[in-house]
Every structure is written in structure tokens, then in C-alpha cells.
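There are 2 protein chains.
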Amino acid sequence: MTTTIGIGQLARRSGVPIDTVRHYERIGLLKPAARLASGYRRYGEAEQKRLRFIRRGKALGFTLDEIQALLSLGSSRDVARVRGAASERLADVERRIAELTRVRDGLRALIAACPGHGRAEDCPILNALSQESEP
Amino acid sequence: MTTTIGIGQLARRSGVPIDTVRHYERIGLLKPAARLASGYRRYGEAEQKRLRFIRRGKALGFTLDEIQALLSLGSSRDVARVRGAASERLADVERRIAELTRVRDGLRALIAACPGHGRAEDCPILNALSQESEP
DNA sequence: CTTGACTCTGGACTTAAGTCCAGAGTTTAG
DNA sequence: CTAAACTCTGGACTTAAGTCCAGAGTCAAG
Numbered sequence: 053m054t055t056t057i058g059i060g061q062l063a064r065r066s067g068v069p070i071d072t073v074r075h076y077e078r079i080g081l082l083k084p085a086a087r088l089a090s091g092y093r094r095y096g097e098a099e100q101k102r103l104r105f106i107r108r109g110k111a112l113g114f115t116l117d118e119i120q121a122l123l124s125l126g127s128s129r130d131v132a133r134v135r136g137a138a139s140e141r142l143a144d145v146e147r148r149i150a151e152l153t154r155v156r157d158g159l160r161a162l163i164a165a166c167p168g169h170g171r172a173e174d175c176p177i178l179n180a181l182s183q184e185s186e187p
Numbered sequence: 053m054t055t056t057i058g059i060g061q062l063a064r065r066s067g068v069p070i071d072t073v074r075h076y077e078r079i080g081l082l083k084p085a086a087r088l089a090s091g092y093r094r095y096g097e098a099e100q101k102r103l104r105f106i107r108r109g110k111a112l113g114f115t116l117d118e119i120q121a122l123l124s125l126g127s128s129r130d131v132a133r134v135r136g137a138a139s140e141r142l143a144d145v146e147r148r149i150a151e152l153t154r155v156r157d158g159l160r161a162l163i164a165a166c167p168g169h170g171r172a173e174d175c176p177i178l179n180a181l182s183q184e185s186e187p
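In order, the protein sequences belong to chains S and D. Take the first sequence: its letter number 101 is residue 153 in the working numbering, and every next letter is one higher. Take the second sequence: its letter number 128 is residue 180 in the working numbering, and every next letter is one higher.
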């Protein structure tokens, strides 16, 4: 049988605060945990993975709803739907990368053009801030 | 003299809801607007630009606090500080792009490997969801 | 057994960023 | 002038994602 751990250890191992683990259970992002006779929650490998998955997703800017959607794919029987959902996610990510790349290029150009000293009127960054072009 | 417009027109032109414009004023992201004798707010070119800047920033995932920081650079006298702040922003953006690029590549690989039909056990997307590697 | 660490619950509180509202006054097109 | 459209204020409400708390019970080391 697999070892199970308490909520404190789960929290430490997965990098998610205890309160947040309970919160995720409350909102249904995690299944109700198994309990000891005392009422203490017990967790196995599966929920550790799930929690780490959630943490990674959040770090990437997905909302909990989006993460839940991703996770629920795992229980889908319909492989085509899974693939479609993954494609939508991909399109999202690509759009965000494109936007950020534009910003990055803009910032790079400004920084490169700014002498880093002298009069404010000569600073291209300040000038750009006061009149940007449309996105 | 420049034409000035009311809050409704400002909202339409800058793509920000009226209530949100007032909200921005309440929280200090916009300066208190000029007023007519009636109390109606009046806006000029400058605040239209500012609002559009804010909208763009939000679209890129910056918080209002970050946007305010960016905007306040415009009133900074210290060109070196402006340059430094812009560099920090750039580093941020680059980090986010790198993260998203990893996700994109992962998703692409999964989608490419998924046949889009057949048994769930053969779907690499579902398999990846149940056991991801660490970020 | 005792002590310190851990866990339980339900609910209140927080932050960010709005969004909505009522009731009153203002502007403008016809 | 009248009606429709616009704007004002202050405050209440919303959503997302936690975060904190009190008071009570439980577990583990010595």
C-alpha cells in the first residue's frame, strides 16, 4: 500500500499553503480528501501531483477555472475533445506570447535609445510614455 | 484651445467603461478631472492618452499598481531611475515570455502526438495531465 | 502522561478591479 | 419648452483567490 500523508506535509511538499489546500477542497478543485477516524485528512501520491499541477498552472497565469477545465480533461472519455481543448489553450498561450513579445521589443528599443542621463526631454522612455501608439 | 469632452465620450473613445473611469479617479490612477460649473467632468487629449495607456497595460497583464508605477515615471526627473525601472519591467516581461514559451512547446508536442481519436490510454495529453514533470 | 505540534470547522476578512444603483440635477435635439 | 440622454454622488455589491481566526480535538516524542 502507498504511504499517505497529512495536510501539513502535503502542503510543504507541493508548495501550496495549508489554508489554500482546504480552500481548494471547499471550491471543488480537489476532491474531498480521505479521512482518518479523527477527521484528519489523508493524501496519497495522486493529490500531490494534482496540487503541483495546479501550482504550475497558476504560475503560468491560468485561473483556477481554467486549471479545473484542464484537469477535467483527464476524466474525459472523448479524446477528440481533449485534443480540441488543448488546442484552444495553445492558441491562448500563443496570443499572450505575441502580445508580450511586442511589449518586450518596445521596451528594448526604448532602453537602448535612452542615454541613462541628461535632460528628461532627451529620454525616449518618458516621451514614449506620454504618447504611445495603439496596440 | 483644445476641445474637451465629457466622461461618456471619453469612455467610448478610450474603450474603458464610464464607471471604471470614475473608479480610476477614486483610486488615484487618474487625477481629479476638471469640472464644469454643473459638476460634470471634462477631459482633454492628455487623459485620453493616459486611459488608452492604462487599457493597453491591462491587456498585457500588468496590474493597476504596475501601470501606475509606469505612468509615474513620466513625472520623474531622474532619467537614470526611469531607465532602471524600464529595465526591471523588461526583465519581468522576458521571464513571462520564457515561461509561456515552455508551456507552448509542451502543448504543441502533446497535440502533435495525439491522434485525436482512439482509446484514452493512447492520448499523450491525458497521460501528461496525470503526471507532469516539475516546472 | 504531558507538552508541543498538528488538525478540525465555519465563518469572517482581505485585495484587486471593477460594477451597479437610486435619486437628483444637467444638457441637448426637436 | 419638453423629452431623452447624460452625469453626479456615495455606498453597496461582485468575483477571484485566498488568508486568518477561535475554540476544540488529536498525535507523537520523551
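Ideal placement from N, C-alpha and C gives every residue a C-beta, glycine not left out.
On the DSSP bridge assignment, give the partners of residue i in chain order.
{"i": "I57 of chain D", "result": "D:Y95"}
{"i": "A89 of chain S", "result": "BP columns for A89 of chain S are empty, so no partner."}
Could you check which residue in the options has the C-alpha nearest to that of residue i?
{"i": "E188 of chain D", "options": "D:T72, D:V155, D:D117, D:A63", "result": "Within the shown structure, residues of chain D are numbered from 53 to 187, placing residue 188 of chain D beyond reach of any answer."}
{"i": "R104 of chain D", "options": "D:A164, D:I163, D:E151, D:L123", "result": "D:L123"}
{"i": "L92 of chain D", "options": "D:I119, D:A121, D:I57", "result": "As written in the sequence, residue 92 of chain D is Tyr, which differs from the Leu given in the question. Considering only alpha carbons, the answer is D:I57."}
{"i": "C166 of chain S", "options": "D:A164, D:L152, D:V134", "result": "D:V134"}
{"i": "L82 of chain S", "options": "S:A137, S:A132, S:D117", "result": "S:D117"}
{"i": "Y95 of chain D", "options": "D:E151, D:T55, D:L152", "result": "D:T55"}
{"i": "E146 of chain S", "options": "D:T153, D:E146, D:V145", "result": "D:T153"}
{"i": "A164 of chain S", "options": "D:H75, D:G136, D:A164, D:D71", "result": "D:G136"}
{"i": "E99 of chain S", "options": "S:D71, S:A86, S:G113", "result": "S:A86"}
{"i": "A111 of chain S", "options": "S:L125, S:E151, S:V68, S:G80", "result": "S:V68"}
Decide if residue i is buried, meaning its Cβ has at least 16 other Cβ atoms within 10 Å, or exposed.
{"i": "L88 of chain D", "result": "exposed"}
{"i": "R65 of chain S", "result": "exposed"}
{"i": "R197 of chain D", "result": "This structure does not reach residue 197 of chain D, given that chain D is present from 53 up to 187, and the question cannot be answered."}
{"i": "R102 of chain S", "result": "buried"}
{"i": "I149 of chain S", "result": "buried"}
{"i": "G109 of chain S", "result": "buried"}
{"i": "I119 of chain S", "result": "buried"}
{"i": "I106 of chain D", "result": "buried"}
Within the continuous alpha helix (DSSP H) that includes residue i, where are the two ends?
{"i": "T115 of chain D", "result": "That residue, T115 of chain D, is in no alpha helix (DSSP H); it is neither H nor E in DSSP."}
{"i": "A164 of chain D", "result": "131-165"}
{"i": "I70 of chain D", "result": "70-78"}
Residue i: beta carbon under 7 Å from a heavy atom of the ligand NAD?
{"i": "R108 of chain D", "result": "No copy of the ligand NAD occurs in the structure displayed, which carries no ligand at all."}
Tell me whether the stretch 134-143 of chain S and the stretch 151-170 of chain S touch, counting them as touching only if at least three CB pairs, one residue from each stretch, are closer than 8 Å. no
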